[in-house]
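**Q** Just so you know, we're using numbering that gives the first Met the number 0 here: the sequence shown kicks off at 0 and counts up by one.
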Amino acid sequence: MNWWLAGGWFVACVLVGISIYRQQWRKVRDYVNWVGFCDHLHQAIGFALQPLPQAVAAYLPVCRGGCRVVLNNYLQLLQHKQDLTREGCSVLTANSTLAEFLYQLGRTRRDIEQDKIVAVRAILVAQAEQAKHDLHSKASIMLKLLIIIGIAGGILWI
């Protein structure tokens, strides 16, 4: 009977360690998603392959407040486009691409937006690397600690 209790205690400790590891891994995955969002946005601004609404909608599900700067800048571009259309200063339509819009704004505005995205991406890459480091250091310490607790608890029950 004591072997069953010891084994159950050990398995419970390992499962707690695994759940902590998975929780930390989700943080890393969110940062990686944000880096992908920045890459996609940089590509849309630089090469203008995506229509405006699709480029935003493609990455709205991964927005969890971690980097609202990128999304806000992009939504400001959308708002500016709508203002130009409303004022009659432009012939932009709802289906125009980001390239057409930025071409009318001029090269400097596009450079500024790309620089912002590159800067935010660099921050996100650094945060993702830090999260990975934290994940491995915390998880390895926690898993070792839980294994020691599991073995000690098993020995005490035996």
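Positions of the beta carbon are idealized from the N, C-alpha and C atoms, including for glycine.
Quick one, are the C-beta atoms of residue 137 and residue 17 less than 9 Å apart?
**A** Taking 9 Å as the Cβ cut-off, residue 137 and residue 17 do not qualify as a contacting pair.
**Q** Going straight from the alpha carbon of residue 3 to that of residue 140, what length do you get?
**A** 26 Å
**Q** How would you label residue 27, buried or exposed, when you count the other beta carbons within 10 angstroms and need 16 or more for buried?
**A** buried
**Q** Count the other CB atoms within 10 Å of the CB of residue 151; is the residue buried (16 or more) or exposed (fewer)?
**A** exposed
**Q** Can you give me the C-alpha to C-alpha distance between residue 125 and residue 29, rounded to a whole angstrom?
**A** 13 Å
**Q** Would you check if the distance between the CB atom of residue 15 and the CB atom of residue 134 is smaller than 9 Å?
**A** no
**Q** Keeping to the same chain, check which residues put their C-beta closer than 7 Å to that of residue 24; ignore five residues upstream and five downstream.
**A** 134
**Q** Within a Cβ cutoff of 6 Å, which residues of the same chain sit near residue 12, ignoring the five residues on either side of it in sequence?
**A** Here residue 12 has 145, 148 and 149 as same chain residues with Cβ atoms under 6 Å from its own Cβ, once five neighbours each way along the sequence are excluded.
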